[in-house]
Amino acid sequence: MIKVSNILARKGGGAISIDAGTSVLEALELMADKNIGSVVVTEDGEYVGLLTERDYARKVILKGKSSHETLVREIMSTGLPRILPENSIETCMHIMSESNIRYLPVFRADKLIGIISINDLVTETILSQQETIEQLRGYIHS
């Protein structure tokens, strides 16, 4: 069974973060610069939520707000389900599907240790299937 810890080991732990009082425009510039679709939002150094491209599209663009004047804290996603490194990717897929979200924060002892995306889950599933195929090929040819 593939676990979240496998994903974090492959892609590395940690996450790019930004202060909740930052303008949405600055957050978008950071996300574009790092080529990421979400950023961890902190306040006084503590995790408070995530800002995603979806948040921007639905809570700024569609509402006619200004990216320069709107603060990250006004549009960030909060109350996301928290997962543990021991959780399976199947559990994560279920949570993401049921909650209609694309990112999950990973915690160990109430400390954020990383973020996983639906893309991470798909990549890990493909890698696992390729490994199984190679093992079967080896078995057949031995």
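Numbering (our numbering), first residue to last: 1 to 142.
Using N, Cα and C, we set each Cβ at its ideal position, and we do this for glycine too.
Asked: For Asp44, three-class secondary structure by DSSP; Found: coil
Asked: Own chain partners of Val48 with C-beta closer than 8 Å, once the 5 adjacent residues on each side are dropped; Found: Ala20, Val41, Thr42, Arg73, Met76, Thr78
Asked: As assigned by DSSP and simplified to three states, the class of Leu136; Found: helix
Asked: Option in Leu127, Gly12, Ala27 with minimal Cα separation from Ile18; Found: Ala27
Asked: Cβ-Cβ distance between Pro105 and Ile118 below 8 Å; Found: no
Asked: Distance between beta carbons of Phe107 and Ile113, contact taken as under 8 Å; Found: 7 Å
Asked: Ser14 versus Lys111, Lys63, Leu136, residue with shortest Cα-Cα distance; Found: The amino acid occupying residue 14 in the given sequence is Gly; Ser does not appear at that position. The residue with the shortest Cα to Cα distance from Gly14 is Lys111.
Asked: Coil, strand or helix - Lys66 by DSSP; Found: According to the sequence shown, residue 66 is Ser rather than Lys. Ser66 falls in the coil class under three-state DSSP.
Asked: Close Cβ partners of Leu25 (< 6 Å) along its chain, the five nearest in sequence each way excluded; Found: Ser67, His68
Asked: Delimiting residues of the alpha helix (DSSP H) encompassing Arg102; Found: From DSSP, Arg102 is part of no alpha helix (DSSP H); its letter is neither H nor E.
Asked: For Asp120, the three-state DSSP class (helix, strand or coil); Found: helix
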